[in-house]
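*Asks:* Input: one structure, supplied below.
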Amino acid sequence: EVLRLALSQSIEVVAAVRSKRAAGELPPLAGTRGRAARIDYASSQTLVEAFEGAQSLIHLPGVLVERAGSSYERSNVETTRVALEAARSCGLKKIVLVSAVGADPDSSNRYFRSKGEAENSVRSSGLSYTILRAPLVLGPGTEGTRALVRNTSRRSAWLLGGGRHLQQPLDVKDLALACLRSATQTELARSRTLDLAGPERLSDRELNERAAQLLERSVRIRSLPVTPVRWLLAARTRLLGPGLSPDAIEVLVTDTRVDAEAAAKELGISLTPLEQTLQRSLQPAEAT
Numbered sequence: 287e288v289l290r291l292a293l294s295q296s297i298e299v300v301a302a303v304r305s306k307r308a309a310g311e312l313p314p315l316a317g318t319r320g321r322a323a324r325i326d327y328a329s330s331q332t333l334v335e336a337f338e339g340a341q342s343l344i345h346l347p348g349v350l351v352e353r354a355g356s357s358y359e360r361s362n363v364e365t366t367r368v369a370l371e372a373a374r375s376c377g378l379k380k381i382v383l384v385s386a387v388g389a390d391p392d393s394s395n396r397y398f399r400s401k402g403e404a405e406n407s408v409r410s411s412g413l414s415y416t417i418l419r420a421p422l423v424l425g426p427g428t429e430g431t432r433a434l435v436r437n438t439s440r441r442s443a444w445l446l447g448g449g450r451h452l453q454q455p456l457d458v459k460d461l462a463l464a465c466l467r468s469a470t471q472t473e474l475a476r477s478r479t480l481d482l483a484g485p486e487r488l489s490d491r492e493l494n495e496r497a498a499q500l501l502e503r504s505v506r507i508r509s510l511p512v513t514p515v516r517w518l519l520a521a522r523t524r525l526l527g528p529g530l531s532p533d534a535i536e537v538l539v540t541d542t543r544v545d546a547e548a549a550a551k552e553l554g555i556s557l558t559p560l561e562q563t564l565q566r567s568l569q570p571a572e573a574t
C-alpha cells in the first residue's frame with residue numbers, strides 16, 4: 287500500500303524485497319518512478335545497493351506467527367539492526383519504523399519485547415526517525431481482513447475469549463499515508479514514537495458482527511477459552527517447534543486503547559471511519 291501511494295504521487299521509490307514471490311506481488315512498476323530491489327539481510331551490501339541515493343527508509347519488519355528461520359528476534363530485531371547499518375552507510379536522512387501497539391523492550395511477551403528492542407535500536411541509531419505503532423490493520427489483502435472473511439464464511443465463528451478484547455482497527459491506507467508523510471517530510475514527527483490506531487474502539491466480537499452484517503451473513507459467535515489454547519500451543523511448540531504460540535495468542539487478545547486523534551493530528555492525516563474501511567476491505571473479498 288505504501289508503494290502504491292508513493293507511485294500515485296510520482297515519488298521515486300525502491301521496493302526492497304527478499305524473494306521473487308514478494309517481487310511478483312508488487313504493483314506494476316513499468317513506466318513509473320518505482321523499482322524493485324532484491325535484498326538479503328545476511329548480506330548488508332544488498333541493502334546498501336538498494337538504499338543508494340534514497341532520502342528515507344520505511345521499514346516494516348516482523349511476523350506474528352514464527353516459522354523455522356523466522357523468529358521474532360530475527361524478523362524484528364535483527365532486520366532492523368542490519369537496515370540501520372545500511373541506512374547510516376548510505377547517509378539516509380530519516381528512518382520510519384512500523385512497530386506495534388504494546389511494544390516494550392521489558393515485556394515478558396517475546397513479540398512485544400522484540401518490537402520494543404527494535405524501537406530502541408532505531409532511537410539509539412543516531413538517525414532521525416519516526417516510530418509508528420500500529421494495531422490491527424484492515425484493508426484489501428491484509429491478514430486482518432482475511433481473518434474476518436474466514437470467520438464470517440462459517441455458521442459459527444470461534445473467537446478467542448468470545449471476542450471480548452478491544453480493537454481499534456486502522457485502515458491500511460491511513461498507515462501508508464502516515465509512513466509516506468513521515469518519510470518525505472523529514473521534520474514531521476521527528477524523534478517521535480506515535481500510537482497510530484483507528485478512530486473507533488470496539489470488541490472483536492462486535493467487529494466480526496459488523497463484518498457479517500456487511501456481507502449479509504448470519505454468524506453465531508462462540509467462545510474459544512484462552513487459557514487452554516495457550517497450554518495446548520505451549521505443548522505443541524515444545525514438541526514441533528515454531529508456529530502459533532502462547533505469545534501470539536497474548537498479542538491477539540490484548541486490548542487496544544489508544545488516543546487515535548493525537549497521532550493523526552501530529553501527522554496531519556484524517557482517519558478513515560471504520561465503516562468505510564470495512565466496506566472497502568470486504569466487498570472485493572466477497573466478489574471473489
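Each residue of the sequence shown is one higher than the one before, starting from 287 at the first, in this note's numbering.
Backbone N, C-alpha and C fix where the C-beta goes; we use that ideal spot for every residue, glycine too.
#1: Could you check what DSSP says for Ala521 in three-state terms: helix, strand or coil?
#2: Rounding to the nearest angstrom, what Cα-Cα distance links Leu419 and Val384 in this structure?
#3: Helix, strand or coil for Ser477, going by three-state DSSP, please let me know.
#4: I need the DSSP call for Ile381, collapsed to helix, strand or coil.
#5: Beta-carbon separation of Gly430 and Ile507 under 8 Å?
#6: List the endpoints of the continuous alpha helix (DSSP H) containing Ile535.
#7: Would you tell me roughly how many angstroms separate the C-alpha atoms of Glu371 and Ser330, rounded to the nearest one?
#8: Let me make sure I understand the geometry here. Which of Ser509, Ala373, Gly425, Leu519 has the alpha-carbon closest to that of Gln244?
#9: Mind checking Ser305: buried by the 16 CB within 10 Å criterion, or exposed?
#10: Run through DSSP, which three-state label would Ser414 get?
#11: For Ala571, which three-state DSSP category applies?
#12: Spatial neighbours of Arg467 within its chain, please: CB distance less than 8 Å, with the 5 preceding and 5 following residues excluded, ordered by chain position.
#13: According to the Cβ coordinates, are Val515 and Asn395 closer than 8 Å?
#14: With a floor of 4 residues, list each alpha helix (DSSP H) that falls wholly inside the stretch 416-450, ordered by position along the chain.
#15: Could you tell me if Gly427 is buried or exposed, where buried requires 16 or more neighbouring beta carbons within 10 angstroms of its beta carbon?
#16: Closest by CA to Val334, which one among Ala373, Arg503, Gly320, Ser442?
#17: Find the nearest neighbour of Thr332 within the set Ile344, Cys376, Glu298, judged by alpha-carbon distance.
#18: State buried or exposed for Ala308, treating a residue as buried only when at least 16 other CB atoms are found within 10 Å of its CB.
#19: Which of helix, strand or coil does DSSP assign to Gln453?
#20: Quick one: what's got a C-beta closer than 7 Å to Val539's C-beta in the same chain, skipping five residues either side?
#21: Between the stretch 485-493 and the stretch 306-325, are three or more C-beta pairs nearer than 8 Å?
#22: By alpha-carbon positions, which one of Ile344, Leu346, Ile381, Leu564 ends up nearest to Gln499?
#23: By the 10 Å Cβ neighbour count, where 16 or more other Cβ atoms means buried, how is Gly529 classified, buried or exposed?
#24: Got a sec, what are the start and stop residues for the beta strand (DSSP E) Val368 sits in?
#25: DSSP three-state label for Arg290, please.
#26: Candidates Ala292, Leu482, Leu518, Gly527: which alpha carbon is nearest Ala548's?
*Replies:* To lay it out plainly:
#1: helix
#2: Reading the sequence as shown, one finds Arg at residue 419 and not Leu. Using only the alpha carbons, I get a separation of about 6 Å.
#3: coil
#4: strand
#5: no
#6: 532-539
#7: 8 Å
#8: Residue coverage of the chain in this structure runs from 287 to 574, which leaves residue 244 outside it and unanswerable.
#9: exposed
#10: strand
#11: Per-residue confidence for Ala571 stands at a pLDDT of 43, beneath the threshold of 50, marking its modelled position as unreliable; the derived number appears in the next sentence. The answer is helix: DSSP assigns Ala571 an H, G or I state.
#12: Leu474, Leu553, Gly554, Ile555
#13: no
#14: 429-438
#15: exposed
#16: Ala373
#17: Cys376
#18: exposed
#19: strand
#20: Leu446, Gly447, His451, Val512
#21: no
#22: Leu564
#23: exposed
#24: First-last for Val368: 365-376, but that is the alpha helix (DSSP H), not the beta strand (DSSP E).
#25: helix
#26: Leu482
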